[in-house]
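Residue numbers (the UniProt record's numbering), protein chains in the order written: chain A, 1 to 242; chain B, 1 to 242.
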């Protein structure tokens, strides 16, 4: 008999999670806005989902605090709780502060999403962070590698967010500026501009909540943005303007 | 017997040009800094190269004025002169102003370079601009399509530079800012950031002269940069900073 897994949040990422974990778990998903388990999850109430031995939080980072408060009373002793948020320092701190002492906690950030993971996730990558003790983080990493065939980075929440501030923060900032300039050229494009537009197209459907998490909930995002603007300004100044 | 083609400038792009045109022309190349025709061109003096029936100018845009002055006396009546510069308004104006009335002139901008054209140029694209009369521009376009298998955009110099200000100008500005932030993350990257870095890598070896042509010699580049900064600032402002 398969183990039960509670999935809190059944939006785009929650559904991707259910699709790839349903071979291994009976998934009980909770999301007030969902009405179709899509064959990968049984929709249920928060208490039932939160009572599973393993619980994955697939809610926007800005909703995490409220979600932790609501599910806290229903968690089983010794349950394993994971998040999948695009930043790690803040979720790790919230989970460690708010969850009862016996609850096990691991932070994760899958480095893919509904678009990039569309054709399957084997070979894609995930960051796994220790929040409460090495052992659970290592087990989660092993499962990701062996069962899901993901590449795993075992990193601290700080190191994760430092890199994410550049990898995600700048990509999103540049993409949003370019999208605001649409329509963009499509005729006389160069290979390099085509790549730039592919980067933009990959993030253009990210929800405003994802953008806010990347930019506001990453403690390193503001300084990285500042640096980018300063350097872009310098490049402009070298041309005698700005 | 094959027609002679004069190639003024035998840098990275001049050499790419020679490699792809040597099946059709006997190429006589001039460049004070070159010492090896690489099997695709015979190195010669300016006067010999400039006296060919077809002359291609593969010098930096900032060197065009001086080059036109130096080669002018040697051009054959009715010679066809083409440039390959990354901007078109300024070269078209210079060539039309400086070349003797009987000389035929066409502006071109190959939308590829030594990196993107490394594995061959068939299927890549080129912009072709009327400078002195439709007929020569159409013939050049036909040769590019049929002999070189390039996709051709027949556009005015202004339309070209408007698009180039975005396609090249912004790509280069973004790339230069990111390169100044190196070392950049390579571990926990997303597919979108990987694409952004591919765009950066494709232009990182462009010479400072190419960057200057793209940014200074394009009459539309400054307004496009302004707009990008304004929109990026707005995206930042929406986060409550800047």
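Backbone N, C-alpha and C fix where the C-beta goes; we use that ideal spot for every residue, glycine too.
{"Check": "State yes or no: is the C-beta of residue 75 of chain A within less than 7 angstroms of the C-beta of residue 103 of chain A?", "Outcome": "yes"}
{"Check": "Please classify residue 177 of chain A as buried or exposed, where buried requires at least 16 other C-beta atoms within 10 Å of its C-beta.", "Outcome": "buried"}
{"Check": "For the alpha helix (DSSP H) containing residue 193 of chain B, list its first residue and its last residue.", "Outcome": "191-203"}
{"Check": "Given a cut-off of 7 angstroms, decide if residue 89 of chain A and residue 161 of chain A are closer than it, judged by their beta-carbon atoms.", "Outcome": "yes"}
{"Check": "Hey, is residue 127 of chain A's beta-carbon within less than 7 angstroms of any beta-carbon in chain B?", "Outcome": "yes"}
{"Check": "Establish whether the CB of residue 279 of chain B and some CB of chain A are separated by less than 7 angstroms.", "Outcome": "Within the shown structure, residues of chain B are numbered from 1 to 242, placing residue 279 of chain B beyond reach of any answer."}
{"Check": "With 16 as the cutoff for other CB atoms within 10 Å, does residue 1 of chain B come out buried or exposed?", "Outcome": "exposed"}
{"Check": "What are the start and end residues of the beta strand (DSSP E) that includes residue 150 of chain B?", "Outcome": "No beta strand (DSSP E) holds residue 150 of chain B; DSSP gives it neither H nor E."}
{"Check": "Could you tell me if residue 207 of chain A is buried or exposed, where buried requires 16 or more neighbouring beta carbons within 10 angstroms of its beta carbon?", "Outcome": "exposed"}
{"Check": "Could you tell me which residues DSSP pairs with residue 105 of chain A in its beta bridges?", "Outcome": "A:81"}
{"Check": "Could you tell me the distance, in whole angstroms, from the CA atom of residue 59 of chain B to the CA atom of residue 29 of chain B?", "Outcome": "12 angstroms"}
{"Check": "Can you find a CB in chain B that lies within less than 7 angstroms of the CB of residue 186 of chain A?", "Outcome": "no"}
{"Check": "Going by beta carbon distance, what residues of the same chain come within less than 8 angstroms of residue 98 of chain B, once the five residues before and after it are set aside?", "Outcome": "65, 68, 69 and 72"}
{"Check": "By alpha-carbon positions, which one of B:94, B:158 and B:236 ends up nearest to residue 229 of chain A?", "Outcome": "B:236"}
{"Check": "The alpha helix (DSSP H) that contains residue 174 of chain A, what's its start and end?", "Outcome": "171-179"}
{"Check": "Would residue 200 of chain A pass as a contact of residue 221 of chain A if the rule is Cβ separation under 7 angstroms?", "Outcome": "no"}
{"Check": "Have a look at residue 242 of chain A and residue 212 of chain B and give me their C-alpha separation to the nearest angstrom.", "Outcome": "Residue placement at residue 242 of chain A is flagged as unreliable, the pLDDT there being 46, under the threshold of 50; the coordinate-derived value follows with that caveat. Answer to the nearest angstrom: the Cα atoms are 16 angstroms apart."}
{"Check": "Buried or exposed for residue 168 of chain A, going by 16 or more other Cβ atoms inside 10 Å?", "Outcome": "buried"}
{"Check": "Within this structure, are the beta carbons of residue 61 of chain B and residue 217 of chain B separated by less than 7 angstroms?", "Outcome": "yes"}
{"Check": "Can you tell me whether residue 83 of chain A is buried or exposed, with buried defined as 16 or more other CB within 10 angstroms of its CB?", "Outcome": "buried"}
{"Check": "Please list, in chain order, all residues of the same chain as residue 144 of chain B whose beta carbon is under 6 angstroms from its beta carbon, the five residues on each side excluded.", "Outcome": "126, 150 and 152"}
{"Check": "Among the candidates B:202, B:191, B:173 and B:182, whose CA atom is the shortest distance from the CA of residue 227 of chain B?", "Outcome": "B:173"}
{"Check": "Do three or more CB pairs link the segment 181-188 of chain B to the segment 178-186 of chain A at distances below 8 angstroms?", "Outcome": "no"}
{"Check": "So residue 6 of chain B is in the beta strand (DSSP E); what residue range does that whole segment cover?", "Outcome": "3-8"}
{"Check": "Who are the neighbours of residue 189 of chain A on chain B, taking C-beta pairs under 9 angstroms?", "Outcome": "111, 125, 163 and 167"}
{"Check": "Are any of the Cβ atoms in chain A nearer than 7 angstroms to that of residue 44 of chain B?", "Outcome": "no"}
{"Check": "Can you give me the Cβ contacts of residue 77 of chain A inside the same chain, cut-off strictly under 7 angstroms, excluding the 5 residues immediately before and after it?", "Outcome": "102"}
{"Check": "So what does DSSP say about residue 214 of chain A, is it helix, strand or coil?", "Outcome": "helix"}
{"Check": "Under a three-way DSSP split, which group does residue 187 of chain A fall into?", "Outcome": "coil"}
{"Check": "Say the cut is 6 angstroms; is the CB of residue 20 of chain B nearer than that to a heavy atom of the ligand MG?", "Outcome": "What this structure holds is no ligand at all, so the ligand MG is not there to describe."}
{"Check": "So, is residue 24 of chain B buried or exposed, given that buried needs 16 or more other C-beta atoms within 10 angstroms?", "Outcome": "exposed"}
{"Check": "Three-state secondary structure (DSSP) at residue 25 of chain A?", "Outcome": "strand"}
{"Check": "Quick one: measure Cβ to Cβ for residue 52 of chain B and residue 5 of chain B, integer angstroms, because I've assumed they're closer than 8 angstroms.", "Outcome": "6 angstroms"}
{"Check": "Does the Cβ of residue 91 of chain A have 16 or more other Cβ atoms within 10 Å, making it buried, or fewer, making it exposed?", "Outcome": "buried"}
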